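Trainee:
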Ligand code: SF4
Ligand code: SF4
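Residue numbers (this note's numbering): 93 to 467.
(1) Examine the Cβ distances between the stretch 308-324 and the stretch 168-181 and report whether three or more of them are shorter than 8 Å.
(2) Which one of 444, 420, 260 and 225 has the shortest CA to CA distance from residue 236?
(3) Which stretch, first to last residue, makes up the beta strand (DSSP E) that contains residue 265?
(4) I need the straight-line Cα distance from residue 149 to residue 164, nearest angstrom please.
(5) Using alpha carbons as the reference points, say which of 434, 306, 285 and 358 lies closest to residue 297.
(6) With a CB to CB cut of under 6 Å and the five nearest residues on each side skipped, what residues in its chain are close to residue 192?
(7) With contact counted as at least three CB pairs below 8 Å, one residue from each stretch, are the stretch 137-145 and the stretch 377-393 in contact?
(8) Do residue 247 and ligand 1 come close, with the Cβ less than 8 Å from some heavy atom?
(9) Would the beta-carbon of residue 242 be found less than 8 Å away from any heavy atom of ligand 2?
(10) Indicate the three-state DSSP secondary structure (helix, strand or coil) for residue 158 in the structure shown.
(11) Identify, in the order they occur along the chain, each residue of the same chain with its Cβ nearer than 6 Å to the Cβ of residue 441, setting aside the five sequence neighbours on each side.
(12) Are the Cβ atoms of residue 120 and residue 344 separated by less than 9 Å?
(13) Thinking C-beta only, is residue 289 closer than 9 Å to residue 252?
(14) In this structure, does DSSP put residue 426 in helix, strand or coil?
(15) Where DSSP assigns a beta bridge to residue 332, which residues make up the other side?
(16) Going by other Cβ atoms of all chains shown within 10 Å of its Cβ, with 16 needed for buried, is residue 349 buried or exposed?
(17) Give the single residue among 176, 178, 161 and 266 whose Cα lies nearest to the Cα of residue 214.
(18) From the DSSP output, which residues share a beta bridge with residue 296?
(19) Please classify residue 350: does DSSP put it in a helix, a strand, or coil?
(20) Let me have the residue list for ligand 2: C-beta closer than 7 Å to any non-hydrogen atom, ordered along the chain.
(21) Taking the alpha-carbon positions, what's the residue 410 to residue 127 distance?
(22) Is any non-hydrogen atom of ligand 1 found closer than 8 Å to the C-beta of residue 308, if you look at the structure I gave you?
(23) Helix or strand or just coil, what does DSSP make of residue 98?
(24) Only counting the same chain, and skipping five residues up and downstream in sequence, which positions put a Cβ closer than 8 Å to that of residue 111?
(25) Which first and last residues belong to the alpha helix (DSSP H) in which residue 386 is found?
(26) Just to confirm, are residue 155 and residue 131 a CB contact at a threshold of 9 Å?
(27) Quick check: is any heavy atom of ligand 1 less than 8 Å from the C-beta of residue 436?
(28) Taking 9 Å as the threshold (C-beta atoms), are residue 157 and residue 198 in contact?
(29) Spell out the partners DSSP gives residue 371 in its beta bridges.
(30) Starting from the C-beta of residue 309, find all residues in its chain whose C-beta is less than 6 Å away, skip the five residues before and the five after it, and write them out in chain order.
(31) With a CB to CB cut of under 7 Å and the five nearest residues on each side skipped, what residues in its chain are close to residue 257?
(32) What separation, rounded to the nearest whole angstrom, lies between the Cα atoms of residue 437 and residue 407?
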């Protein structure tokens with residue numbers, strides 16, 4: 093195995109191939125505090141990319157309720173169990189990655205889900221950790237809790253799907269880091285399905301080749317954000333390009349959120365894939381659960397996020413979520429507005445930092461109706 097540097101682990105690790113970073117890296121930031129599990133993203137993705145035969149069970153984008161929701165069933169607890177006990181007292185992920193923990197002769201530690209694991213995409217939806225005791229009231233973190241975790245392929249820097257493929261038909265595009273499968277050469281061995289710990293590659297039983305999220309590359313090539321991003325009702329998503337921490341540009345909203353403000357964190361970085369979907373953790377959930385999921389940056393990310401009212405720059409970056417279909421390459425805050433710029437430096441969007449308040453009359457004279465304002 094080759095040695096590659098994984099900045100999320102802060103160390104070198106083993107990987108089946110030499111690491112070459114793309115010219116720029118497709119990335120997403122999801123704010124879990126805003127997701128309402130409406131599944132609009134799921135449906136937008138499904139109707140765009142997976143409406144065909146053999147694709148019925150595929151959800152390139154899904155939204156599951158943690159801690160009891162999974163698609164496929166138990167995807168994360170299964171691989172975490174194989175990886176072994178996670179020692180949260182250690183500062184950086186000193187444990188083995190999935191590549192380093194691979195059985196002899198195999199490139200990555202993985203498992204192939206059963207067909208039945210794909211039978212219930214909504215399992216655990218809206219289930220919280222338990223019932224509130226009589227007379228209890230809500231505290232922070234919540235005594236009983238759940239949150240919604242939106243998931244797509246992470247277009248990993250070190251993809252386990254790519255590393256597992258015996259025919260080398262999975263590749264990472266040098267121009268944007270999007271991970272694709274060459275379907276003309278795939279023979280359907282499903283090693284990628286077994287290898288991806290996020291279980292974001294799907295085998296099509298009709299065409300008998302594997303398929304996965306394509307990062308909406310036709311949109312991205314045209315300077316537009318992905319379907320799941322632009323349709324998101326909760327405006328929880330931002331899609332753009334990220335660089336490594338040593339080359340971070342504080343004016344790039346993705347770099348700013350991940351590398352500068354450090355409010356957005358990767359999903360299960362200990363797997364070692366350097367995933368490129370970053371999550372703003374839910375502020376009401378106990379940190380030990382979140383740390384095993386998003387890493388040791390969780391407490392700081394939550395504290396920073398809670399102080400957003402005092403931080404115009406962070407507020408500005410967050411207000412750009414869901415504000416425009418265009419990919420924003422730079423942003424700045426000017427007065428009471430956040431301004432996003434396209435690749436050529438043109439102004440793509442300008443949003444107020446504070447959304448205007450409208451208090452409507454209790455009785456509408458024009459329509460002769462009573463109204464209730466929701467505050
Ligand atoms: S999330 Fe899975 S399918 Fe996507 S690039 Fe990473 S290993 Fe491959
Ligand atoms: S569309 Fe947005 S708010 Fe709705 S489920 Fe998807 S990520 Fe969550």
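Cβ atoms here follow ideal geometry from the backbone N, Cα and C, with glycine treated the same way. This one's a predicted model, so the numbers in the text were calculated from it and none came from an experiment.
Mentor: This is what the structure gives:
(1) no
(2) 225
(3) First-last for residue 265: undefined, no H or E at that position.
(4) 10 Å
(5) 285
(6) 106
(7) no
(8) yes
(9) yes
(10) strand
(11) 415, 416 and 432
(12) no
(13) yes
(14) strand
(15) 119
(16) buried
(17) 161
(18) 301
(19) helix
(20) 122, 126, 127, 128, 129, 130, 131, 132, 133, 134, 155, 240, 242, 320, 323, 324, 325, 326, 328 and 329
(21) 14 Å
(22) no
(23) strand
(24) 94, 96, 97, 249 and 250
(25) 379-386
(26) yes
(27) no
(28) no
(29) 122 and 357
(30) 270
(31) 283 and 284
(32) 21 Å
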